[in-house]
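To start, the structure itself, in C-alpha cells.
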Amino acid sequence: MDEEEREEVGEYKLQGLVGRGSFAEVHRAAHRRTGAPAAVKAIDRRLVDKRVHDGILQEREILRSIDHPNILRLLDTIDTTNMMYLVLEYCDGGDLDAFLHKHGRLPEAVAKDLMRQLAEGLKVLRGRNIVHRDLKPQALF
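By UniProt numbering, the letter at position 126 of the sequence shown is numbered 126, and the numbering carries on one by one without gaps.
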C-alpha cells in the first residue's frame, strides 16, 4: 500500500494489518475524531483488471445500499489515483473460521443462531437478486 504507505486514510488512522490478499490489504483503523473502530480495505487499482475493478465497484454500491444487522456496513469510500479504500464496520470477534478454530465443535443452539443470522442476511440479498458468491467461514464475521 505505497501512496501509499499511509498512516491515515481520509478520517481514519490505520492501526495495523489484519489481512492481505492478491490485490488488497485490510487494516484495523480508528476514526480520528471519535475513535470509532473500522476496517479499511485498501485495493491497489494497478493490480486489478477491469473485470475485478468493476466487481469491486459493484460490491461498493451493494454495500452502500444495504442497512441490515447481519450484513457488514460500508462506512465510507476514499479514491485516489492508484488506490481505492473501502471503510467498513470492524468486527472485533474475527471471522467464523477463527471462531470455529477457537471454540471447536459448537453446541447446537449456538450453531442454530449462527445459521439463523446467515439466513437473515442471505434473505436480504436474495430479495435484491444479489448472489454472495464467496460464502465461506473466512468471509463471515
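Even glycine gets a Cβ: it sits at the ideal position worked out from N, Cα and C.
For this session: Starting from Lys136, follow its DSSP beta bridges and name the residues at the other end.
Result: Under the DSSP definition of a beta bridge, Lys136 lacks any partner.
For this session: Mark residue 150 as exposed unless 16 or more other C-beta atoms lie within 10 angstroms of its C-beta, in which case mark it buried.
Result: In the structure as shown, the chain starts at 1 and stops at 141, and residue 150 therefore has no counterpart that could be examined.
For this session: Pull up the distance between the alpha-carbon of Met1 and that of Arg33, whole angstroms please.
Result: With a pLDDT of only 49 at Met1, under the threshold of 50, the placement of this residue in the model should not be trusted; the figure read from the coordinates follows. Going from the Cα of Met1 to the Cα of Arg33 covers about 24 Å.
Exercise. Hey, is the segment 46–63 in contact with the segment 102–112, meaning 3+ C-beta pairs nearer than 8 Å?
Worked result: no
Problem set entry | Residue closest to Glu108, alpha-carbon to alpha-carbon, out of Lys102, His101, Arg116 | Arg116
For this session: Answer yes or no: the CB of Ala119 versus the heavy atoms of the ligand FMN, is any distance below 6 Å?
Result: In the structure shown, the ligand FMN is absent, as is every other ligand, since no ligand is present at all.
For this session: With DSSP as the reference, label Leu72 as helix, strand or coil.
Result: coil
Problem set entry | Paired residues, beta bridge with Ala42 - DSSP | Beta-bridge pairing links Ala42 to Glu25, Tyr85.
Problem set entry | Per-residue DSSP class, three states only, for Glu59 | helix
Problem set entry | Three-state secondary structure assigned by DSSP to Met1 | Confidence at Met1 is low in this model, with a pLDDT of 49, below 50, so its placement is unreliable and no value can be given for it.
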